[in-house]
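Worksheet: the structure to be examined is printed underneath.
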Amino acid sequence: MSQLAFSLLGLPRLERDGQPVHIDRRRSVAVAIYLALSGRAVSREALAAFFWPEHDERSARTDLRRTLHGLNRALGAEWFLADEEKVAFRQHNTLWIDVIEFRRLLAACDEHGHHADDVCPRCLPLLQQAVALYNDDFLDGFSLSDSPAFDDWQFFEGEQLRDELAAALDRLAYGYSVQGAYAQATAAARRRLALDPLYEPAHRQLMHLYAW
1 MSQLAFSLLG
11 LPRLERDGQP
21 VHIDRRRSVA
31 VAIYLALSGR
41 AVSREALAAF
51 FWPEHDERSA
61 RTDLRRTLHG
71 LNRALGAEWF
81 LADEEKVAFR
91 QHNTLWIDVI
101 EFRRLLAACD
111 EHGHHADDVC
121 PRCLPLLQQA
131 VALYNDDFLD
141 GFSLSDSPAF
151 DDWQFFEGEQ
161 LRDELAAALD
171 RLAYGYSVQG
181 AYAQATAAAR
191 RRLALDPLYE
201 PAHRQLMHLY
211 AW
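Residue numbers in the sequence shown follow our numbering, run continuously in steps of one, and reach 212 at the last position.
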């Protein structure tokens, strides 16, 4: 299997075996991202309606078939599991997606045997790695103007990821402050405040950190 990397936090970037993958059609990029991130088989009918809502079913399925053919050439046919009814993106250990890695690092903190709101010393490097991955918002600068369903999916996925980032920064600031690492705690709190300048708890936390 080839090595595939999807960087989706910010303007999307795809790499195969360490080399950038250039896909001319924006819709093809969107199809690849949607299938890779969903991690499940999706019916051809649903994909056609999702990405080509203004086409009749026959022409939409034809465009989907052409899109998948192009993606097979660009990414490698071994990545797509397809039959007459469904399409899936193979989930393999040589597939890396920054969104998945971000969530994996956050979930790893729940394996330390403490309450979900607590932060132990083992959590800190995991949280730090997770927030460092978050370079920008989900698919920032990317959209499909004629596929409102994809734009809605992108919006809600992005909002969920921002909420997860905010929670991670709150935990990071708290965990560093407990350790007396006030410079690191302040950096996390300032970044948290930048996400929502009207969030009062972040203001209070930052004032405490400056005082300490």
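Beta carbons: idealized from backbone N, C-alpha and C, even for Gly. Quick caveat, the model's predicted, so the values are computed rather than measured.
Self-check item: Meets three-Cβ-pair contact criterion under 8 Å: the segment 141-149 and the segment 14-33
Solution: yes
Practice problem: Sort D98, P121, R16 by Cα distance to L71 and report the nearest one. | Solution: Against the sequence shown, residue 71 aligns to sequence position 71. Ranked by Cα distance from L71, the options D98, P121, R16 are led by R16.
Quiz item: Which of the three DSSP states, helix, strand or coil, is assigned to E45?
Solution: Within the sequence shown, residue 45 is the residue found at index 45, counting from 1. Helix at E45.
Exercise. Please find out if some non-hydrogen atom of the ligand HEM comes closer than 7 Å to the beta-carbon of I33.
Key: You won't find the ligand HEM in this model; it holds no ligand whatsoever.
Quiz item: Do three or more CB pairs link the segment 4-13 to the segment 40-47 at distances below 8 Å?
Solution: no
Exercise. Could you have a look at S7 and say whether DSSP puts it in helix, strand or coil?
Key: For the purposes of this step, residue 7 is taken as the residue at position 7 of the sequence shown. If DSSP states are grouped into helix, strand and coil, S7 belongs with the strands.
Quiz item: Tell me which same chain residues have a C-beta within less than 8 Å of the C-beta of L193, skipping the five on either side of it?
Solution: Against the sequence shown, residue 193 aligns to sequence position 193. Same-chain partners within the cutoff: Y199, A202, H203, L206.
Quiz item: Hey, R171 and V119: beta-carbon distance below 8 Å or not?
Solution: Translated into the one-based positions of the sequence shown, residue 171 becomes position 171. Translated into the one-based positions of the sequence shown, residue 119 becomes position 119. The answer is yes: Cβ separation under 8 Å.
Quiz item: Counting pairs of beta carbons, one from the segment 29-41 and one from the segment 84-99, are three or more of them closer than 8 Å?
Solution: Because the criterion of three Cβ pairs below 8 Å is met, the segment 29-41 and the segment 84-99 touch.
Quiz item: Among the residues of its own chain, which have a CB less than 7 Å from the CB of L68, if the five just before and after it don't count?
Solution: On the sequence shown, position 68 is the one that residue 68 refers to. Within the same chain, L68 has close Cβ partners F80, A82, V87.
Practice problem: Verify whether the separation of the beta carbon atoms of A188 and L169 is less than 8 Å. | Solution: On the sequence shown, residue 188 is found 188 positions in, with the first residue counted as 1. On the sequence shown, residue 169 is found 169 positions in, with the first residue counted as 1. Cβ atoms of A188 and L169: closer than 8 Å.
Quiz item: How would you label T94, buried or exposed, when you count the other beta carbons within 10 angstroms and need 16 or more for buried?
Solution: In the sequence shown, counting from the first residue as 1, residue 94 sits at position 94. Exposed, since its Cβ has fewer than 16 Cβ neighbours within 10 Å.
Quiz item: Between G175 and F156, what straight-line distance do the alpha-carbon atoms span, to the nearest angstrom?
Solution: As a position in the sequence shown, residue 175 is number 175, starting the count at 1. As a position in the sequence shown, residue 156 is number 156, starting the count at 1. So the alpha carbons of these two residues sit roughly 29 Å apart.
Quiz item: For A181, does the three-state DSSP call read helix, strand or coil?
Solution: Residue 181 sits at position 181 when you count from the first residue of the sequence shown. Looking at A181 - three-state DSSP - the assignment turns out to be coil, as it is neither helix nor strand.
Quiz item: Curious, which full-length beta strand (DSSP E) runs of at least 3 residues does the segment 76-127 contain?
Solution: With a minimum length of 3 residues, the continuous beta strand (DSSP E) runs that stay inside the segment 76-127 are 80-82, 86-89, 95-97.
Exercise. Locate the beta strand (DSSP E) running through R13, then write down its first and last residues.
Key: As a working mapping, residue 13 is identified with position 13 in the sequence shown. Counting along the chain, the beta strand (DSSP E) containing R13 begins and ends at 13-16.
Self-check item: For G113 and A74, the rounded distance between their alpha carbons
Solution: In the sequence shown, residue 74 corresponds to position 74, counting from 1. In the sequence shown, residue 113 corresponds to position 113, counting from 1. Near 43 Å, if we compare the C-alpha coordinates of G113 and A74.
Quiz prompt | Environment of L11 [buried if 16+ CB atoms lie within 10 Å] | solution = Residue numbering aside, residue 11 sits at position 11 when the sequence shown is read from its first letter. L11 comes out exposed.
Exercise. Closer than 7 Å by C-beta to I33: which residues in its own chain qualify, once you throw out the five before and the five after it? Chain order, please.
Key: Taking the sequence shown and counting its residues from 1, one reaches residue 33 at position 33. Taken in chain order, the residues that qualify are F6, L8, P12.
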